[in-house]
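Using our numbering, the first residue of the sequence shown is number 780, and each one after it goes up by one. C-beta: ideal position from N, C-alpha, C; glycine also. Small disclaimer: the values here were computed from a predicted structure and weren't measured. Have a look at the structure below, then the notes.
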Amino acid sequence: MSDERPRPQYGEYATPEEQRARIRQPDATFDLDAGKAPDAAPPAPAPTPAAGPVARNPRAMDRVATIALLALGLFEVLRSIPGFVDPNELLTQLLTQFGVDGGLTDAASARAWGAAAAILLAVGWFATAAVSVWNLRAGRLSFWIPLVGGVVFTLLASVLLVVPLMSDPGLMQQLSGITPLPTPSAT
């Protein structure tokens, strides 16, 4: 038998039968030539569950934090509404801390501004909750929305509470008469 191919340096060429035997693959072309259909591939084994911890939704903690912050915000809004609706006592306590005796001369105006602050705070909570739920459903990071909403609407409500203080002429006269405490000198 004469083979015109060059002899390999590290051994002989394998015949197709030897190659199939080596990789344990049946000769599909022989079966097709004989009119026989090739055998079906064996079914893949069923996937086994992972032995590690159960995979969690990566946004689960964001959802928990967002809901907890919204619940805390609702608690604070409900707790502060009575003080905002009748702010005279609240403002009197604040003035006492500044050393001012007396209260507001226009209590009705303070009550109106306090009611506006309470309404703003409640509407702000509902707006913050709506945007937070919308972001949660979209799968976006949402914990920061109640934080920002709480800061923004609390500051706006505080500004509304300061308006009756600054517009009361009797109170402004008392505040202008307060002398600051002496500062300690370095000796």
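> Leaving out the 5 sequence neighbours to the left and right, which residues in its chain are closer than 7 Å to Ser911 when beta-carbon positions are compared?
Replying inline: Thr845, Leu849, Ser921, Ile924 and Pro925
> Between the stretch 912-919 and the stretch 895-904, do at least 3 Cβ pairs fall closer than 8 Å?
Replying inline: no
> If you draw a straight line from the alpha carbon of Ser937 to that of Gly929, how long is it in whole angstroms?
Replying inline: 12 Å
>> Taking the straight line between their C-alpha atoms, what separation do you get for Met945 and Met951?
In response: 7 Å
> So, is Pro948 buried or exposed, given that buried needs 16 or more other C-beta atoms within 10 angstroms?
Replying inline: exposed
> Can you list, in chain order, the residues of its chain whose CB lies under 8 Å from that of Glu892, leaving out five sequence neighbours each side?
Replying inline: Inspection of the sequence shows that residue 892 is occupied by Trp rather than by Glu. Closer than 8 Å at the Cβ level, and outside the excluded window around Trp892, lie Pro866, Leu939, Leu940, Val942 and Pro943.
> So what does DSSP say about Phe922, is it helix, strand or coil?
Replying inline: coil
> Just reading off the alpha helix (DSSP H) that Asp841 is part of, what are its end residues?
Replying inline: Ala839 to Val864
> What are the boundary residues of the alpha helix (DSSP H) that Phe877 is part of?
Replying inline: Phe877 -> no alpha helix (DSSP H), and no H or E assigned at all.
>> Tell me the rounded alpha-carbon separation between Thr827 and Leu935.
In response: 56 Å
>> Could you check whether Val856 and Arg890 sit closer than 9 Å to each other, using their CB atoms as the reference points?
In response: no
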